[in-house]
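Heads up: the structure comes next, in structure tokens.
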Amino acid sequence: MKFGLDTFSHRIAFALGISVLVHGLLLWGPNVRLPHFKSALPPLVAKLEALPAAPPKHRKPKRKPQPAAQETAPEAAPQAESPPQELPLAASEPVAIAASAPAETGQLAANAEQAAERPPLPREAQLTFAINKGSGSFRIGVAIHTLEIKDGHYVLQAVTKTVGLVRLFKSFELTQFSSGSYTQYGLQPEQFLEERKESAGTRSNGVEFDRAAHQAYFAPGGEKPLPPDTQDILSVLYQFPPLANTEIATVSVSNGSKIESYAFEITPNEEIDTALGRLITVRLHKMHAPNEEGLDIWLAQEYRLFPVKMRYFERNGDVAGEAVITDIRVSEEEGARSDAVN
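All letters in the sequence shown, in the order written, are residues 15 to 356 by this note's numbering.
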């Protein structure tokens, strides 16, 4: 059989027909999406919380978190044009945060002599992020983080997946799991696991932190000395070192296969636009050598210093992708710390 493509006009007509068919499938074809995520958490409520005022910045970095000498009450947030109100808690359904600009709040620490004490973590929380390609708004995936704290022990999980048409061409799923103690110093990881599922197959790794022996044990084998301030790549988003009195913060981070020391430049009071409105954030910029991958993290001052945006850089400096918050849900009850458990 011949298709009659021997003339230039026939080739043009054939190419136009294929183009119309492909565009028709994209516009009117079935919309492939992941199943809707159903939270296993009990009813949650959204709250804006002011943090204490910031001290003048000093250049000497601090590495290890220290307990504050005395807990101080946060200052009340000044009112914006349309201040957000605490949302009523429904009897059987969780309440989502309204996508409106929150009121301004104070900054990071009470005075120059105190380290900034991170706001207490809630007993349960769920954060949802849109994963975008580059620095644009082309959505390629979704990430859902869940946190649960009970009797001084925490479990933190993040699941990231490709969605929509992108999933047809590149299926990807990343599951990260971090667990450990929740103390007066915050999250202290004891175990981190990571599993990547791609078209080429599944890869996994993990690490156990033996803080008494100061050793990290990796799966499937190997061990290394464990710095006392070590976090994993998931817990560090929710347990960053004190941010007061310094322009640079350092922290040891494990990705499940190694431990590295990261230095972050700190920029407070940077405003960003999100689905929740315009947020006042602390920006953390990972300092790195040329030809190394980079990372920026934005922590929301209105929302317990939760992460609300992450930006990933290629080795050549181009933006590889971004994760931007679309929803935050928290329980009103604070997580119980291990030093407060009888």
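Note that the Cβ used here is the ideal one computed from N, Cα and C, for glycine as well.
(request) Reducing DSSP to helix, strand and coil, say where residue 183 ends up. (result) DSSP places residue 183 in helix when its eight states are reduced to three.
- What is the residue span of the beta strand (DSSP E) that residue 141 lies within? Segment 138 to 147, the beta strand (DSSP E) holding residue 141.
Exercise. Do you know how far the Cα of residue 211 is from the Cα of residue 184?
Worked result: Annotation: residue 184 to residue 211 spans about 11 Å, alpha carbon to alpha carbon.
- Sort out for me which residues DSSP pairs residue 197 with in a bridge. Residue 197 pairs with 200.
Task: Anticipated Cβ contact below 8 Å, residue 3 with residue 144, distance rounded - done: Nothing in the structure corresponds to residue 3, since the chain is present only between 15 and 356.
TODO: Helix, strand or coil for residue 177, going by three-state DSSP, please let me know.
DONE: Three-state result, residue 177: coil.
_Give me the residue from 289, 311, 305 with the minimum Cα distance to residue 295._
Taking the Cα of residue 295 as reference, the smallest distance to any Cα among 289, 311, 305 is reached at 311.
| said: Using CA atoms only, rank isn't needed, just tell me which of 200, 271, 133 is closest to residue 233. | reply: It is 271 whose Cα lies nearest to the Cα of residue 233.
Does the beta-carbon of residue 165 have 16 or more other beta-carbons within 10 angstroms, so that it is buried, or is it exposed?
Looking at its Cβ environment, which holds fewer than 16 other Cβ atoms inside 10 Å, residue 165 is exposed.
Going by alpha carbons, who is nearest to residue 320 out of 302, 148, 161, 146? Comparing Cα-Cα distances from residue 320 to each of 302, 148, 161, 146, the minimum goes to 161.
Using 8 Å as the threshold, is the C-beta distance between residue 209 and residue 194 below it? No, the Cβ-Cβ distance between residue 209 and residue 194 is not below 8 Å.
*So what does DSSP say about residue 353, is it helix, strand or coil?*
Residue 353: helix per DSSP, three-state reduction.
Quiz item: Out of curiosity, what's the CA-to-CA distance linking residue 223 and residue 281?
Solution: Each residue's alpha carbon lies about 31 Å from the other.
* Asked: Taking Cβ to Cβ, would you say residue 336 is nearer than 8 Å to residue 192?
  -> No. Outside cutoff.
* Asked: Quick one: what does DSSP say residue 192 is sitting in, helix, strand or coil?
  -> If DSSP states are grouped into helix, strand and coil, residue 192 belongs with the strands.
Does the pairing of the stretch 131 to 138 with the stretch 341 to 351 give three or more beta-carbon distances under 8 Å?
The answer is yes - the stretch 341 to 351 touches the stretch 131 to 138, with three or more Cβ pairs under 8 Å.
Q. Can you tell me whether DSSP reads residue 249 as helix, strand or coil?
A. Looking at residue 249 - three-state DSSP - the assignment turns out to be helix.
Would you tell me roughly how many angstroms separate the C-alpha atoms of residue 267 and residue 182, rounded to the nearest one? Between the C-alpha atoms of residue 267 and residue 182 there is a straight-line separation of about 34 Å.
- [ ] Starting from the Cα of residue 201, find the closest Cα among 306, 246, 303 and give me that residue.
- [x] Residue nearest to residue 201 within the set 306, 246, 303 is 246 (criterion: CA-CA distance).
_By the three-class DSSP mapping on this structure, what secondary structure does residue 272 have?_
Coil.
Considering just the uninterrupted stretch of the beta strand (DSSP E) at residue 219, what are its terminal residues?
Residue 219 -> beta strand (DSSP E) spans 215 to 224.
Q: Could you name each continuous beta strand (DSSP E) segment of 3 residues or more that falls completely within the stretch 292 to 346, going from the start of the chain to the end?
A: Runs found: 308 to 314, 321 to 327, 333 to 344.
| query | In the DSSP assignment, what are the bridge partners of residue 160? | reply | Answer is 140, 171.
**Asked** With C-beta atoms as the reference, is residue 189 less than 8 Å away from residue 173?
**Response** Here residue 189 is near residue 173, since their CB atoms are less than 8 Å apart.
Do you know how far the Cα of residue 299 is from the Cα of residue 332? Those two C-alpha atoms are separated by around 15 Å.
Query raised in the report: Mind checking residue 217: buried by the 16 CB within 10 Å criterion, or exposed?
Result: So residue 217 counts as exposed.
Requested in this report: Would you mind sorting residue 324 into buried or exposed? The rule is 16 or more other CB atoms within 10 Å of its CB.
Outcome: Residue 324 should be labelled buried.
Run through the DSSP bridge pairs and tell me what residue 165 is partnered with. DSSP output for residue 165 lists no bridge partner at all.
When burial is assigned at 16 or more other CB atoms within 10 Å of the CB, is residue 305 buried or exposed?
-> Residue 305 counts as exposed, since fewer than 16 other beta carbons sit within 10 angstroms of its beta carbon.
Residue 266 in three-state terms, based on DSSP:
Correct three-state label for residue 266: strand.
Exercise for review: Mind checking which residues open and close the beta strand (DSSP E) that includes residue 232?
Suggested key: Segment 229 to 233, the beta strand (DSSP E) holding residue 232.
Going by the beta-carbon positions, is the gap between residue 254 and residue 293 smaller than 8 Å? The answer is no: Cβ separation not under 8 Å.
Just to confirm before moving on: does the CB-CB distance between residue 146 and residue 154 stay below 8 Å?
Yes; because the gap between Cβ atoms is below 8 Å, this pair is in contact.
Alpha carbon to alpha carbon, what distance is there between residue 291 and residue 163?
The C-alpha of residue 291 is placed about 28 Å away from the C-alpha of residue 163.
inquiry  = For residue 353 and residue 250, what's the separation of their Cα atoms in angstroms?
reply    = Cα to Cα, residue 353 sits roughly 21 Å from residue 250.
Open item on the list: So residue 328 and residue 348 are supposed to be a Cβ contact under 8 Å. How far apart are they, rounded?
Closed with: For a cut-off of 8 Å, the C-beta gap from residue 328 to residue 348 is around 39 Å, too long to register as a contact.
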